[in-house]
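Trainee: Please see the structure below; I have some questions.
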Amino acid sequence: MRFRRSSLPVLLLAATAAGGCATTSVAREVSGGRPAAGQVSLPRPTGPFKVGTTSLHLVDQSRRDPWTPSRARELMVSVWYPASAPGKEDVPHMTAKAAAHFGSEQGAATLNLGMPPGRADWGAVRTHATADAPVARKAGRLPVVLYSSGLADPRTWNTTLVEDLASRGYAVITVDHTGEASEVEFPGGRLVTGRLAEGTPPTSPAEVTALLKKAMAARVADARFVLDRLPGIGRGRFGGALDAGRVGMVGQSAGGFTAAQTMHDDRRVRAGVNMDGQMDYTGGKPDGSELSTVARDGLDRPLLLMGTESEGSGDHTEQPSWDAFWRNTRGWKGDVTLAGSRHATYTDAEALLPPLAEQGIAPKGGLTGAVGTVRPARAIAAERAYVTSFFDRWLRGRDDHLLDGPSSRFPEMRFTA
507 MRFRRSSLPV LLLAATAAGG CATTSVAREV SGGRPAAGQV SLPRPTGPFK VGTTSLHLVD
567 QSRRDPWTPS RARELMVSVW YPASAPGKED VPHMTAKAAA HFGSEQGAAT LNLGMPPGRA
627 DWGAVRTHAT ADAPVARKAG RLPVVLYSSG LADPRTWNTT LVEDLASRGY AVITVDHTGE
687 ASEVEFPGGR LVTGRLAEGT PPTSPAEVTA LLKKAMAARV ADARFVLDRL PGIGRGRFGG
747 ALDAGRVGMV GQSAGGFTAA QTMHDDRRVR AGVNMDGQMD YTGGKPDGSE LSTVARDGLD
807 RPLLLMGTES EGSGDHTEQP SWDAFWRNTR GWKGDVTLAG SRHATYTDAE ALLPPLAEQG
867 IAPKGGLTGA VGTVRPARAI AAERAYVTSF FDRWLRGRDD HLLDGPSSRF PEMRFTA
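My numbering puts the first residue of the sequence shown at 507, with every later residue one more than the last.
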């Protein structure tokens, strides 16, 4: 629920808190066995469909890039969808150039997660999707879910969730927020790295607030541009399979804030999930003085808040921006907190960091500071189940009642009324 402000002068990213190390059993529970040194794998999606993916280069000629004003705004997005047949080879989690930068001293793995630079082989991680596989027509018209990652994280950094949604019959569009994301690789191998840390870093709360407002404005504009392009994307290689009338959005950290704020600003988004994303711009400790418009106004459509047990997180009663949203919103709302979780739990860190820590490649301060003490397999299952249940209910009209209250299936998940 926060922008992790403890190291904002470096990259608007926080160092992970102190914690313990991974155990062999936890690492193997996620990875399925001991991988080669520095190599890890993602858990398989659980839906009935195979998964395909395709990447698109989008240019918004009507808007200048806020981080590089001399250029028009460019985005890389990926569409993940149910496929009727697999392709020749699973696509990598990140392209080679992007993976190398992600794990470098200047990359998000180091600055955001505290991972030792150059130790993990991020480029070796494979997804369970194949490039440009044929769409599964048996899945029918596909509800669309936009995914926005955390501040400075790449669009790939929740493939664990994204692939699972696609395997269950959703088209998921992941968005790289160019210039803020740690790195974005464009066609031809052009790599654009994050510019949040360029120049003189912000030192005062007012400067941090201004930078957060700039980043959020760019993120929401990016999401709305993708929505503008959605009909054309759907008419292309997807042959009309994408249902632009049933759109949801989900994100983690700043991406969760982006999902909520985009809903506020654009009625095309019918339902959203905010995973641990604070909804204010306060440069210091959140005090309700810099609330966003979505926190002040609330929503008339459903939004699920998913909190963690990180410091400064928790349920809406502990957060000024979440509390304001809760009081002001008129639509359906839910608030759940995963016991033993930390801020990075709702990302691919939950799947990839434990087996890396088993190999001696652990975040600075220990593994539990990044992903907590919840068993990785349980955390992944809970994230997938609650996000899917929410979108099934509000985009498909299928209610499994998981969101009605505490569930014996997931005793780790605490509800706040």
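Idealized CB from N, CA, C, for every residue including glycine.
Answer yes or no: do residue 609 and residue 602 have a C-beta to C-beta separation smaller than 7 Å?
Mentor: Going by C-beta atoms, residue 609 is not nearer than 7 Å to residue 602.
Trainee: Do residue 675 and residue 645 have their beta-carbon atoms positioned less than 7 Å apart in this structure?
Mentor: Yes, the Cβ-Cβ distance between residue 645 and residue 675 is below 7 Å.
Trainee: I'd like to know if residue 657 contacts chain B, where contact means its C-beta is closer than 7 Å to some C-beta of that chain.
Mentor: The displayed structure is made up of one protein chain only, and chain B is not part of it.
Trainee: Could you tell me how far apart the beta carbons of residue 811 and residue 840 are, in whole angstroms, since I believe they sit closer than 8 Å?
Mentor: Sure, about 7 Å apart at Cβ, within 8 Å.
Trainee: Just to confirm the assignment: which complete beta strand (DSSP E) runs, minimum length 3, are found wholly within the region 834-908?
Mentor: Runs of the beta strand (DSSP E) inside the region 834-908: 839-844.
Trainee: For residue 775, which residues in the same chain have their Cβ closer than 6 Å to its Cβ, ignoring the five residues on either side in sequence?
Mentor: Cβ within range, chain order: 753, 755, 768 and 769.
Trainee: Tell me which residue opens and which closes the alpha helix (DSSP H) that residue 667 is part of.
Mentor: Looking at the DSSP string, the run of the alpha helix (DSSP H) that includes residue 667 is 665-673.
Trainee: Hey, which unbroken runs of the beta strand (DSSP E) at 3 residues or more fall wholly within the region 737-771?
Mentor: For the region 737-771, whole beta strand (DSSP E) runs of length 3 or above, ordered along the chain, are 748-758.
Trainee: Whose C-beta lies closer than 8 Å to the C-beta of residue 854 among residues of the same chain, with five residues either side of it excluded?
Mentor: Excluding residues within five positions, the ones whose Cβ falls inside 8 Å are 548, 599, 662, 663, 664, 665 and 666.
Trainee: Ordered along the chain, which non-local residues of its own chain (more than five positions away) have a Cβ less than 8 Å from that of residue 904?
Mentor: Excluding residues within five positions, the ones whose Cβ falls inside 8 Å are 898.
Trainee: Confirm, please, whether the CB-CB distance from residue 798 to residue 782 is below 7 Å.
Mentor: No, the pair does not count as a contact, with Cβ atoms beyond the cut-off.
Trainee: How far does the alpha helix (DSSP H) with residue 617 in it reach, from first residue to last?
Mentor: It spans 614-617 - the alpha helix (DSSP H) in which residue 617 sits, taken as one unbroken run.
Trainee: Determine the burial state of residue 531: buried for a count of at least 16 other Cβ atoms within 10 Å of its Cβ, exposed for fewer.
Mentor: Unreliable positioning characterises residue 531 in this predicted model, as indicated by a pLDDT of 33, which lies under 50. The coordinate reading is nonetheless provided below. The residue in question, residue 531, is exposed, as its Cβ has fewer than 16 Cβ neighbours within 10 Å.
Trainee: Thinking C-beta only, is residue 888 closer than 7 Å to residue 844?
Mentor: It is a contact, given that the beta carbons lie within the stated cut-off.
Trainee: Measuring straight from C-alpha to C-alpha, what distance separates residue 825 and residue 818?
Mentor: Going from the Cα of residue 825 to the Cα of residue 818 covers about 8 Å.
Trainee: Quick check: the Cα distance between residue 758 and residue 780, rounded to an integer number of angstroms?
Mentor: Whole-angstrom Cα-Cα distance: 6 Å.
Trainee: In three-state DSSP terms, what is residue 573?
Mentor: Here residue 573 sits in coil by DSSP.
Trainee: Please classify residue 556: does DSSP put it in a helix, a strand, or coil?
Mentor: Three-state DSSP puts residue 556 in a strand.
Trainee: Does DSSP put residue 645 in a helix, in a strand, or in coil?
Mentor: Correct three-state label for residue 645: helix.
Trainee: Rank 582, 727 and 709 by C-alpha distance to the C-alpha of residue 693 and give the top, closest one.
Mentor: Measuring from the Cα of residue 693, the nearest candidate turns out to be 582.
Trainee: Quick one: what does DSSP say residue 652 is sitting in, helix, strand or coil?
Mentor: Here residue 652 sits in strand by DSSP.
Trainee: For residue 559, tell me which candidate among 584, 660 and 568 has the shortest Cα-Cα distance.
Mentor: Out of 584, 660 and 568, 584 has the C-alpha closest to the C-alpha of residue 559.
Trainee: To the nearest angstrom, how far is it from the Cα of residue 816 to the Cα of residue 742?
Mentor: Computed Cα separation, rounded: 43 Å.
Trainee: Any idea if residue 697 is buried or exposed, counting beta-carbon neighbours within 10 angstroms, 16 or more meaning buried?
Mentor: By the neighbour-count rule (16 or more Cβ atoms within 10 Å), residue 697 is not buried but exposed.
Trainee: Round the Cβ separation of residue 561 and residue 613 to the nearest angstrom and send it over; I've been treating them as touching at under 8 Å.
Mentor: The Cβ separation is near 20 Å, so there is no contact.
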